Structures are given as structure tokens and as C-alpha cells.
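*Asks:* This structure is in C-alpha cells; I'll ask about it shortly.
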Ligand code: PMP
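Numbering (this note's numbering), first residue to last: 2 to 400.
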């Protein structure tokens, strides 16, 4: 089959990695420890591989009560989703989780999507239209950009976390349409927080809406874990919150929190909601149980997470490993070329450390990097191991 040059170059890269024995993706996990911080993989089979590639930020995976939440839901409603939420797939568990999420973020209403990606696509493709302008950060998650493009709106990109550039774009775009600014609360590519104080000042001044994707921050940042906007004291200035249960809440499913009219509109018109299934009962049961743990233990787990993340950032820097502008529990090590990044990730897993290599298009061309997700389950020894192995790999893998 023939493909375009750009697509052929994807296949060329994969083939090159396979030939050089440095293919770094899809490690097959064959066994997991009591937390997801330790696994065994099919490749080499050593125990343990210490995982800094997960988004189990609060260390909730493996908690028996979360597993019981999933099991009880299966017992009650079966394993499948059994149809779109509008026609039979909506259970009392889904109804409860909508209420929990809305209450958690202090919003009138919430809606559940099968994934966080679909939540972003659904909300943007519905909220924006051809007369509108969506302003996205250059490091926003791909699902935000997809939703913005699907909406038919004009999409303008401002320089990463640069409110000055956003202000310039807002000044240059008036007219009858809506303007919608969309950012990751905590950027998955650099680990820094969106400049939400400045951004919400600007959106207020220019009468624009602001949507914040709290995928990496829900549960993990802010008072009671209400996310980056809360952490920065501007939660009440955000119009729409999106996120996922696939990270700190150790399940799957996406959500949108907003006012009643927008949620009602999404419920009755968003293709990414209506034309697919909702999260299955087991996922909803696990998420509800994870929220219950957050209420009891969230503060202590968040404090531990913040301490461990600070220690990792400080220790990497002290070891001469350059890190991006990370200020929270996502810590990224810029590498640059894709092949060197692949070799380093592969070498790390062979030595017992799993990190997430990020390649274009998830990051800009020339900007391949390693992403480390810290969790409250990591020990000081895990941090020592990560710092030592990464410093060694950078020293030994030629640029
Ligand atoms: N937003 C951001 C910022 C993400 O990093 C991700 C997942 N990588 C998503 C949305 C999508 O979430 P999900 O995995 O639930 O589709």
C-alpha cells in the first residue's frame, strides 16, 4: 500500500528502531505489583521494573477498595456498556458519578464521556462553530486541537504559556463570533502549569470563554484536588472544565463540568457523546471508589506526591540532567532527536526503569523527550534509581 511521504517516514522510523533493536514503545506488562509503580515486562522479564510512566499520581491503583468498586459494578450491571448512555447505557452509577464530579468542581452539572480525549473533542466541536475562534496553546493536548479543528472554527495557536502572545491574538480577533481559549491545566509535554491567572484576566477583559483540561491535575493539585485552576485560585473564572478518570482516578472515562445549559446541549448533541458508549459500569464503579479515597486520604497523598516530585526535580538537576519547566508531578527531560530518545528509553527499561518517551506529533518536531510521572507510591529509593539510571543513560548514549 502506498502512503504519503510523511506517513512513510513514520514506518521508516519504526523499521529503523526495530533493526537497531531500540524500539521503545508498547512494553508488554505481564505482572503488576500491589501498586502500578512496579511491574514485570515480557521483555527481559526482570522484577521489578520501576514505573515512572504511569499517571497513577496518588498511588491509588491496586487499592482493594477501588477493585471492589469495579467488581461490585460488574456484579450489578455486567461487563459491557450495553449501548449509548442515551439509550440504556446510563446506570445509577453513571448518574451518581455525574453528581460527584459536578460537586467536586463546584459546577451545576457534569457529563461523562468514554475517554478524556472524547470529552475534549465533544465539548469543543459543540461549543465552537465556523464563526468562532479557538485559541490554543502550542503544547495543548492533541485532543484539544482535534476538537477545535472539527468545530470548523478558526484555530489560532499562541506560544507555549505566553499570555503576552495570547493578548496579542485576542486584540486582533474581534467580531461577532465567540472566542474560546483552551489550555491544559498541567501540560503533559512540559509538566508546567498554565498561566491561568493571566489567562483568565485576559479572557475576562476580552469577553472570551476559557476551557481548562484538568487531565493531569484533577485529584492531584489544588485544595481537595480540584485541579490546576483551583491551585492557582481561579477556578471560579473558568467556564468549562474537562478531564479524565484515567490518571489520578485510576480508571477510564472523561468528563465535562459546566453550566446546566451547556451540559444539556452536549448531552443531546455532541457526536463524541451520543455516537458511542459511555464508560462501562466497572470503570464508573472504580472511579466512584477512587473519589471516596480522595475524600479520606487526598490531602496526605497529595502532600507526599508534591514532596516526591520536588525531590525528583531537585535530584535530576543536581545530577546535571536538564529538565523542562516542570513545577509539579510531571517531570520531562528534553532530548531532541527521536532516535536518541528511543535508545535512551529502551536502555532505561532494560535496566529496570520505565518512562514515557514522547515523540512528534505529541510534541514539536525536534522536541522528543522523556516524561516521568511521579506517584505518591514512589519511594526515595525509586527516585534514587531514576536519577542514577537517567544520568547514566544520557552520559552513555551518544548525541
Ligand atoms: N488531555 C490530556 C492533557 C491528556 O494528557 C490526555 C491523555 N494522555 C487526555 C486529555 C485524554 O485522556 P484519555 O486518556 O482519558 O483519553
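Glycine included, every Cβ here is placed at the ideal spot set by N, Cα and C.
Quantities reported herein were computed from a predicted structural model and do not represent experimental measurements.
(1) Let me confirm a value: residue 214 is counted as buried when at least 16 other C-beta atoms fall within 10 Å, else exposed. Which label applies?
(2) Do you know how far the Cα of residue 217 is from the Cα of residue 195?
(3) Let me check understanding here. Comparing Cα to Cα, which of 394, 121, 262 and 261 lies closest to residue 212?
(4) Nearest-angstrom Cα distance between residue 373 and residue 112?
(5) Between residue 178 and chain D, is there a C-beta pair that is closer than 8 Å?
(6) Would the C-beta of residue 118 count as close to ligand 1, meaning under 7 Å from any of its heavy atoms?
(7) Let me know the beta strand (DSSP E) ranges lying completely inside the segment 26-75, each 3 residues or longer, listed in chain order.
(8) Please give me, in chain order, every unbroken run of the beta strand (DSSP E) with length at least 3 that falls completely inside the segment 83-149.
(9) Report the partner residues of residue 271 according to the DSSP bridge assignment.
(10) Who are the near neighbours of residue 154 in its chain, counting only those whose CB is closer than 7 Å to its CB and skipping five residues on each side?
(11) With DSSP run on the structure shown, which of helix, strand or coil describes residue 155?
(12) Going straight from the alpha carbon of residue 222 to that of residue 303, what length do you get?
(13) Scan the segment 201-259 and note each continuous beta strand (DSSP E) run of 3 residues or more that stays entirely inside, going in chain order.
(14) Per DSSP, residue 374 forms a beta bridge with which residues?
(15) Can you look up residue 180 in the DSSP assignment and give me helix, strand or coil?
(16) When DSSP labels each residue in this structure, what does residue 336 get in the three-state scheme?
(17) Provide the residue span of the alpha helix (DSSP H) that contains residue 396, from first to last.
(18) Helix, strand or coil: how does DSSP classify residue 22 here?
(19) Which residue from 286, 323 and 10 puts its Cα closest to that of residue 91?
(20) Out of 360, 383, 94 and 181, state which residue places its alpha-carbon closest to the alpha-carbon of residue 342.
(21) For residue 26, count the other beta carbons within 10 Å of its own beta carbon; 16 or more makes it buried, fewer makes it exposed. Which is it?
(22) Which residue marks the beginning of the alpha helix (DSSP H) containing residue 282, and which one marks its end?
(23) Going by C-alpha distance, which of 347, 56 and 354 is nearest residue 398?
(24) Any chance the segment 387-395 sits against the segment 321-336, with 3 or more Cβ pairs inside 8 Å?
(25) Compute every distance between the C-beta of residue 214 and the non-hydrogen atoms of ligand 1, then say whether any falls below 7 Å.
(26) Can you tell me where the alpha helix (DSSP H) with residue 359 in it begins and where it stops?
*Replies:* Working from what's here:
(1) Within the chain shown, numbered from 1, the residue matching residue 214 stands at position 213. Answer is buried; the Cβ neighbour count reaches 16.
(2) Position 194 of the chain shown holds residue 195. Position 216 of the chain shown holds residue 217. Rounded to the nearest angstrom, the two C-alpha atoms are 12 Å apart.
(3) Taking the chain shown and counting its residues from 1, the one referred to as residue 212 is at position 211. Measuring from the Cα of residue 212, the nearest candidate turns out to be 121.
(4) Looking up residue 373 in the chain shown gives position 372. Looking up residue 112 in the chain shown gives position 111. Cα to Cα, residue 373 sits roughly 30 Å from residue 112.
(5) Note that chain D does not occur in the displayed structure, where there is just one protein chain.
(6) One-based indexing of the chain shown puts residue 118 at position 117. Yes.
(7) 30-33, 39-42 and 50-52
(8) 110-114 and 134-138
(9) Taking the first residue of the chain shown as position 1, residue 271 is located at position 270. None; residue 271 has no bridge partner.
(10) As a working note, residue 154 is residue 153 in the chain shown. Once the five neighbours on either side are set aside, the close Cβ partners of residue 154 are 129, 130, 131, 133, 134 and 135.
(11) The residue labelled residue 155 in the question sits at position 154 within the chain shown. Note: residue 155 maps to strand in three-state DSSP.
(12) Taking the first residue of the chain shown as position 1, residue 222 is located at position 221. Taking the first residue of the chain shown as position 1, residue 303 is located at position 302. Cα to Cα, residue 222 sits roughly 7 Å from residue 303.
(13) 210-214, 241-245 and 255-259
(14) What you label residue 374 is simply residue 373 of the chain shown in a count that begins at 1. Per DSSP, 331.
(15) By 1-based counting over the chain shown, the position of residue 180 is 179. Residue 180: strand per DSSP, three-state reduction.
(16) Translated into positions along the chain shown, residue 336 becomes position 335. If DSSP states are grouped into helix, strand and coil, residue 336 belongs with the strands.
(17) Translated into the one-based positions of the chain shown, residue 396 becomes position 395. 381-397 is the span of the alpha helix (DSSP H), which, as asked, contains residue 396.
(18) Translated into the one-based positions of the chain shown, residue 22 becomes position 21. Coil.
(19) As a first step, residue 91 must be located in the chain shown, where it is residue number 90. Nearest of 286, 323 and 10 to residue 91, Cα basis: 286.
(20) If you number the chain shown from 1, residue 342 lands on position 341. When only C-alpha atoms are compared, the closest one is 360.
(21) For the purposes of this step, residue 26 is taken as residue 25 along the chain shown, with counting starting at 1. Exposed is the call here.
(22) Reading the chain shown from its first residue, position 281 is the one you call residue 282. 282-319 is the extent of the alpha helix (DSSP H) around residue 282.
(23) Against the chain shown, residue 398 aligns to sequence position 397. With distances taken between Cα atoms, residue 398 lies closest to 347.
(24) yes
(25) Against the chain shown, residue 214 aligns to sequence position 213. Answer for residue 214: yes, Cβ within range of ligand 1.
(26) Position 358 of the chain shown holds residue 359. Looking at the DSSP string, residue 359 is not in any alpha helix (DSSP H); the run it does join, the beta strand (DSSP E), is 357-359.
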